[in-house]
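Single-structure report; data block below.
Protein chains: 2
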Amino acid sequence: MSKSGRPREFKDTTVIDAAMEVFWSQGYEACSTDDLCKETGLGRGSLYNAFGSKHELYEQALIRYHQVGIEAQLDILHNDAPVKERLRELLEWEIWKNSAAKDRGCLIINASAERGKSDPAVEKIFKQHLALLEQAIEDAIREGQSAGEISRERETSELAAMFLSCYYGLRVIYPGTMNRALARRIIDGTLAAML
Amino acid sequence: MSKSGRPREFKDTTVIDAAMEVFWSQGYEACSTDDLCKETGLGRGSLYNAFGSKHELYEQALIRYHQVGIEAQLDILHNDAPVKERLRELLEWEIWKNSAAKDRGCLIINASAERGKSDPAVEKIFKQHLALLEQAIEDAIREGQSAGEISRERETSELAAMFLSCYYGLRVIYPGTMNRALARRIIDGTLAAML
DNA sequence: ATAATTTTGTACTGTTTGTTACAAAATCGA
DNA sequence: TCGATTTTGTAACAAACAGTACAAAATTAT
């Protein structure tokens, strides 16, 4: 393993996190490589040497956002609280808790809306994120049905799909309006719909 | 009223429709004024003389999309079919019927995701569109409750909020994945949730 | 006809874009 | 200490950007 050469003056993950913030706040097209240099603290030389291009850095930022986010959401869904409380916590997570997210929405959803049709990397991450979430929600709901917390008369996969869609809708509607009362109604209405 | 001068060689609405297509397919930042000239058929002179700036044309396109879209959706909700069928039709509208929309999603949602935090015009239209839709959905659900089609035990506004969120979620998830089976589950699950 | 007015097409403006070139700086193995 | 190797900062790049200037063209009113 080669070891020579001048050592890097930064940690990759900190730079990716900083870049993530920029893409999250401005979107892909609206942010310039200058913005990225300023916010990451790197010069153009370092940035291009380490990441290759604006788009590759974008991909890394999306992947990191996906990984961190999925872990947090699965943690909530794998709680030991009653299933319905876990589901409520999930709905409330990005809205009240995660102050980084609440007014800018979900980076992956934003990315899909801005570039989903033309950027295969975005499409892939969006699908992956969604599929993992759907599976975990379905598992939780099945558990809730077994425990008698959630209606047994409706199909698990249908309940999961409905909940997932409400969740994604909320993550578009709340950042778009910042209407807390509406968000409250959505959350309560969604949970009530599980019986 | 003044009437002199060389007459315009285009109809405003046709140009706005063409511009709408461009913004819809590419997003605001990703499309150039050159793209707009090409797709509308106007030269730069005409375009800037008639619309002032890229952003003003964008606003007009959003407003037009909003008006046309709201009308179509309210038409569905004011049907004479049973309420549940109207709601199903609404959910299915952009997904199966409206071939212009199905793979690129809703322009207003996309605009909100791309520019909602930094563009007051986008924010305003998003809120307006959503509020009109929410009201119409709530009215329809109340009607359904009176007719005994929809559960009377749940609050109308909560049911409406839940439905609205499912609807918006679907309009993000389907274009992002093009997964028909999942869309089917979301639609069926959402309608089943109204009892 | 001609003056007034508006639209149209084209050439042009100064910036900003993403990316590259490259020399100086900092490390390692010899 | 001396190459070898990698990172860093700066300068530069052509292309693309949104917007403007302006003269030619097309109309109406007189």
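Protein chains in written order, with the numbering used here: chain A, 4 to 198; chain B, 4 to 198.
The C-beta atom is built at its ideal place from N, Cα and C for all residues, glycine as well.
- Nearest to valine 18/A by alpha-carbon distance, out of Thr43/A, Arg9/A, Asp38/A, is Thr43/A.
- Contact between the segment 133-153 of chain A and the segment 45-62 of chain A is absent: fewer than 3 CB-CB pairs across the two stretches fall below 8 Å.
- For the 8 Å CB-CB criterion, glutamate 92/B and isoleucine 79/B form a contact.
- Here the alpha carbon of phenylalanine 54/B sits roughly 18 Å from the alpha carbon of tryptophan 27/B.
- Taking a Cβ-Cβ cut-off of 8 Å, the neighbours of valine 175/A in chain B comprise Ile112, Ser115, Ala116, Tyr171, Gly172, Val175, given in sequence order.
- Leu133, Ala134, Glu137, Arg157, Glu158, Ser160, Glu161, Leu162, Ala163, Ala164, Met165, Phe166, Leu167: these are the residues of the segment 133-167 of chain A whose beta carbon lies less than 9 Å from some beta carbon of chain B, given in chain order.
- The DSSP-derived three-state label of isoleucine 112/B is helix.
- As summarised for the segment 75-160 of chain B, the continuous alpha helix (DSSP H) elements at least 4 residues long and confined to that stretch are 86-95, 110-118, 123-149, given in chain order.
- In this model, lysine 100/B and aspartate 106/B are separated by some 11 Å (Cα to Cα).
- Residues of chain A whose Cβ lies closer than 9 Å to the Cβ of arginine 107/B are, in chain order, Gly119, Lys120.
- Within chain A, no residue has its beta carbon less than 7 Å from that of threonine 36/B; the closest one is some 14 Å off.
- The C-beta of glutamate 32/B comes closer than 8 Å to at least one C-beta of chain A.
- Per DSSP, reduced to three states, the secondary structure at cysteine 169/A is helical.
- In the structure shown, the three-state DSSP call for glycine 192/B is helix.
- The three-state reading of DSSP puts cysteine 34/B in coil, since its state is none of H, G, I, E or B.
- Taking 8 Å as the CB threshold, threonine 16/A stays off the interface with chain B.
- Any Cβ of chain B closer than 8 Å to the Cβ of phenylalanine 129/A would place that residue at the interface, and such an atom is present.
- If you draw a 10 Å sphere on the C-beta of asparagine 113/B, you find 16 or more other C-beta atoms in it, and that means buried.
- Between leucine 162/A and isoleucine 144/A, the CB-CB gap stays under 8 Å.
- Listed along chain B, the residues sitting closer than 7 Å to arginine 188/A by beta-carbon distance are Ser160, Glu161, Ala164.
- Annotation: aspartate 38/A to serine 154/A spans about 50 Å, alpha carbon to alpha carbon.
- For a cut-off of 8 Å, the C-beta gap from glutamate 32/A to glycine 30/B is around 7 Å, short enough to register as a contact.
- For phenylalanine 54/A, the enclosing alpha helix (DSSP H) stretches over residues 47-54.
- Sequence-distant partners of leucine 77/B (beyond 5 residues in either direction) whose C-beta falls short of 6 Å from its own C-beta, in its chain, are Ala139.
- Within the segment 58-84 of chain B, no residue has a Cβ lying closer than 9 Å to any Cβ of chain A.
- Spanning the alpha carbons of lysine 130/A and glycine 48/B requires a straight line of approximately 43 Å.
- When 7 Å is used as the limit between beta carbons, leucine 185/B is near these residues of chain A: Ala164, in chain order.
- Under the Cβ criterion of 8 Å, aspartate 20/B is not counted among the residues facing chain A.
- About 5 Å separates the Cβ atoms of serine 168/A and cysteine 169/B, confirming a contact at the 8 Å cut-off.
- Between lysine 57/B and threonine 36/B the beta-carbon gap is near 6 Å, inside 8 Å, which marks them as a contact.
- If you compare the alpha carbons of His69/A, Met197/A, Ala124/A with that of glutamate 156/A, the shortest gap goes to Met197/A.
- Minimum Cα-Cα distance from leucine 135/B among the listed residues Pro85/B, Arg11/B, Gly72/B, Lys41/B corresponds to Gly72/B.
- Aspartate 20/A and arginine 67/A do touch by the CB rule: their CB atoms are close to 7 Å apart, below 8 Å.
- Of Tyr51/A, His81/A, Lys120/A, Glu97/A, the smallest CA-CA separation from glycine 179/B is found for Lys120/A.
- If you look at methionine 23/A, you'll find it in the alpha helix (DSSP H) that goes 15-29.
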